[in-house]
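Note sheet for the following structure.
Chains as they are written, first to last, in my numbering: chain Z, 1 to 253; chain W, 1 to 382.
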């Protein structure tokens, strides 16, 4: 978004030969992946393909045994922890909506707003008009303006998913990692979510992990198929679904 | 709404203390309104316990840190005050030594240990009352929170902390009076502790300290800091992915809470007239947790209420049916957990300061969102 023109051609995220083992089980096996700035990418793959582990590695929850993860020009994410990576501008949405249930919708967004995260600031912080404006904007985007004063715990499942996406927007990330955003949603909610993700993608990179092939097709973006911790196939949804290797993994069991 | 409850609590605490002090000083002994010195010292004691309960609620109710060793900070504040009171005795002790407290003369010590220096100065002693528990909490919390020790593991090491201090303070060569602790205090800031008026002032001071702690705690939990704290309590890893460092938030509130507990202990010692290692007993810390659970975890005012009510019960039971008290306390805890998960405050028809999440329980939520190595308990090793 605020990149100088010359930097546009740089990659946003570059995973190079990333390997992660848990007790001998290779969750990621020399995985390599390149994401361009402003790109939306769908990641699919059967259970245990390493989708969530990949997210864990990018966000600093898990350290890879081998390989590097480079964000932007030259930031090595494997050296940083979760808050530092979040501060760099990488947001993550979990599979299960995790909003702060006792807080109101408004407060959830307030906590997510980009800004000083240190205790000495938050102890004395007061809501500023610009913060209020940002929150109003996000509320409109995620269609929760009416619910702003409700406890997040009282929202419906779909509303919680949107609130969480709203919290990610409030963080103003350059890259958004979204884990199964439409799991458990109604068809109408799924369609609205696809629209929301496309809207978000106008200004930032998005990685969507999803099982729902209809949803992936509706997004209409480049697809990466993971299998046993590495890339099996990559390309448009029509290309990968015609790929014999993919057919075998998905149907050959 | 919760503001109104806090106001009511403040009026009750300050007004009640004032009435008791007046009842003690301004009425004749035969009068029905007369408050005996016994009642005054009892009230003072309860107020100090309430400060401890408030400290426990601040970390347990709002940051999810179930400290089973908070009485250690209370006792350390108490010891710091006890050391001042010992030095204040001066040459009036049994052995008449102008510098060494009686127990040191008895142990044949010739000079004052280095860490006893300065405690003859009231200002220095008061500084230590907040500094010693604060620094211990800072070091302990830094190590524990940075290593991401949470849940039951953290509770166990807080328990170990207070137990270790108990054993250490039992030793005569630690220089804190060993088994007997410190007692026979004469006066404080020049006021004889035996005088009714001094005891009234101490009780009133406890009420004021409790009120200030309550206001401070309320300010903290209602600030943006407090909102982050609750986020940490309910979903620590989610907070981390938002860019917050939960360990720093926990550390700040843990130190603040330890300082509060220390102040409570320092006010407690001159009113009960003794401090000994039994104050470090793990059971004391657990009792403080029960006060909070009974009053209502995460409500602040509930902690104060719980401390006062449970201790009223304790005073009655240990007098009337001493052998039944521990059973009653145990039963109370079980019953409250089963039938009043939000404590007494949960019975009020208003919202708590910060309601706990309904379902799923925080521990389950944390476990289910975590990856292969992120199950709540597995965070221990990192």
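Positions of the beta carbon are idealized from the N, C-alpha and C atoms, including for glycine.
With DSSP run on the structure shown, which of helix, strand or coil describes residue i?
i	result
residue 73 of chain W	helix
residue 103 of chain Z	coil
residue 239 of chain Z	helix
residue 361 of chain W	Per-residue confidence for residue 361 of chain W stands at a pLDDT of 39, beneath the threshold of 50, marking its modelled position as unreliable; the derived number appears in the next sentence. Of the three classes helix, strand and coil, the one that applies to residue 361 of chain W here is coil, per DSSP.
residue 192 of chain W	strand
residue 255 of chain Z	Absent from the structure is residue 255 of chain Z, since the part of chain Z shown begins at 1 and ends at 253.
residue 212 of chain Z	coil
residue 66 of chain Z	strand
residue 9 of chain W	helix
residue 168 of chain W	helix
residue 146 of chain W	helix
residue 207 of chain Z	strand
residue 98 of chain Z	coil
residue 220 of chain Z	coil
residue 49 of chain Z	coil
residue 338 of chain W	helix
residue 42 of chain W	helix
residue 127 of chain W	helix
residue 187 of chain W	strand
residue 148 of chain Z	coil
residue 94 of chain W	coil
residue 297 of chain W	coil
When burial is assigned at 16 or more other CB atoms within 10 Å of the CB, is residue i buried or exposed?
i	result
residue 103 of chain Z	buried
residue 121 of chain W	exposed
residue 134 of chain Z	buried
residue 248 of chain Z	exposed
residue 64 of chain W	buried
residue 239 of chain Z	exposed
residue 116 of chain Z	exposed
residue 145 of chain W	buried
residue 204 of chain Z	buried
residue 114 of chain W	exposed
residue 360 of chain W	For residue 360 of chain W, the predicted model reports a pLDDT of 41, less than 50, meaning its position is unreliable and no value from the coordinates is stated.
residue 84 of chain W	buried
residue 19 of chain W	exposed
residue 327 of chain W	exposed
residue 156 of chain W	exposed
residue 250 of chain W	buried
residue 162 of chain W	buried
What residues match up with residue i in a beta bridge as DSSP calls it?
i	result
residue 91 of chain Z	Z:176
residue 227 of chain Z	Z:230
residue 44 of chain Z	Z:225
residue 182 of chain W	W:275
residue 19 of chain Z	Z:66
residue 25 of chain Z	Z:22
residue 71 of chain Z	Z:13 and Z:75
residue 31 of chain Z	Z:18
Closer than 7 Å by beta-carbon distance: list the chain W residues that pair up with residue i, in chain order.
i	result
residue 82 of chain Z	240 and 241
residue 12 of chain Z	Those do not exist, as residue 12 of chain Z stays about 18 Å from chain W at its closest Cβ, beyond 7 Å.
Name the chain W residues that come within less than 8 Å of residue i, Cβ to Cβ?
i	result
residue 107 of chain Z	227
residue 198 of chain Z	Near residue 198 of chain Z there are no residues of chain W at all, since even the closest Cβ is about 23 Å away, more than 8 Å.
residue 171 of chain Z	242 and 243
residue 59 of chain Z	241
residue 92 of chain Z	241
residue 87 of chain Z	243
Give the interface partners of residue i over in chain Z, defined as CB-CB distance under 7 Å, in chain order.
i	result
residue 249 of chain W	119
Closer than 7 Å to a non-hydrogen atom of the ligand ZN - does that hold for the CB of residue i?
i	result
residue 123 of chain W	Among the components modelled here there is no ligand, and therefore nothing to report on the ligand ZN.
Just to make sure I have the definition right: I need the residues of chain W whose C-beta is within less than 9 Å of the C-beta of residue i. Which are they?
i	result
residue 125 of chain Z	223, 224 and 225
Which chain Z residues are close to residue i, counting only those with a beta carbon under 8 Å from its beta carbon?
i	result
residue 231 of chain W	100, 103 and 111
Name the chain Z residues whose beta carbon is nearer than 9 Å to that of residue i?
i	result
residue 252 of chain W	119, 120 and 123
*Are at least three pairs of beta-carbons, each pair with one atom in the stretch 5 to 18 of chain W and one in the stretch 71 to 84 of chain Z, less than 8 Å apart?*
no
*Report yes or no: do the stretch 277 to 297 of chain W and the stretch 335 to 348 of chain W share at least 3 C-beta pairs separated by less than 8 Å?*
Counting Cβ pairs under 8 Å, three or more are found: they touch.
_Assess contact between the stretch 210 to 230 of chain Z and the stretch 192 to 199 of chain Z, defined as three or more Cβ pairs (one per stretch) separated by less than 8 Å. Is contact present?_
yes
*Does the stretch 67 to 78 of chain W touch the stretch 257 to 264 of chain W, meaning 3 or more C-beta pairs lie closer than 8 Å?*
yes
*Please determine if the stretch 239 to 249 of chain W and the stretch 117 to 126 of chain Z are in contact, where contact requires at least 3 C-beta pairs separated by less than 8 Å.*
Taking one beta carbon from each stretch, the stretch 239 to 249 of chain W and the stretch 117 to 126 of chain Z have 3 or more pairs nearer than 8 Å; the two touch.
*Inter-stretch contact (C-beta, 8 Å, three-pair minimum) for the stretch 50 to 64 of chain W and the stretch 214 to 224 of chain W*: yes
*Pair every Cβ in the stretch 271 to 285 of chain W with every Cβ in the stretch 163 to 175 of chain W, then say whether three or more of these pairs are closer than 8 Å.*
Verdict: yes, contact present.
*Could you say if the stretch 305 to 315 of chain W and the stretch 280 to 292 of chain W meet the contact criterion of at least three C-beta pairs nearer than 8 Å?*
Under the three-pair Cβ rule at 8 Å, the stretch 305 to 315 of chain W counts as touching the stretch 280 to 292 of chain W.
*asked:* Quick test of the definition: if touching needs 3 or more C-beta pairs under 8 Å, does the stretch 128 to 145 of chain Z touch the stretch 58 to 71 of chain Z?
replied: no
*Could you tell me whether the stretch 91 to 108 of chain Z touches the stretch 137 to 148 of chain Z, where touching means 3 or more Cβ pairs closer than 8 Å?*
Yes: the two stretches touch, three or more of their Cβ pairs being nearer than 8 Å.
*Counting Cβ pairs, one atom from each stretch, are 3 or more of them under 8 Å apart for the stretch 175 to 187 of chain Z and the stretch 85 to 97 of chain Z?*
yes
_With three or more beta-carbon pairs closer than 8 Å as the criterion, would you say the stretch 98 to 105 of chain W touches the stretch 220 to 234 of chain W?_
no
*Hey, is the stretch 18 to 31 of chain Z in contact with the stretch 47 to 62 of chain Z, meaning 3+ C-beta pairs nearer than 8 Å?*
Below 8 Å, enough C-beta pairs join the stretch 18 to 31 of chain Z and the stretch 47 to 62 of chain Z to call them touching: three or more.
*Is the stretch 317 to 331 of chain W touching the stretch 298 to 305 of chain W, taking contact as three or more C-beta pairs under 8 Å?*
no
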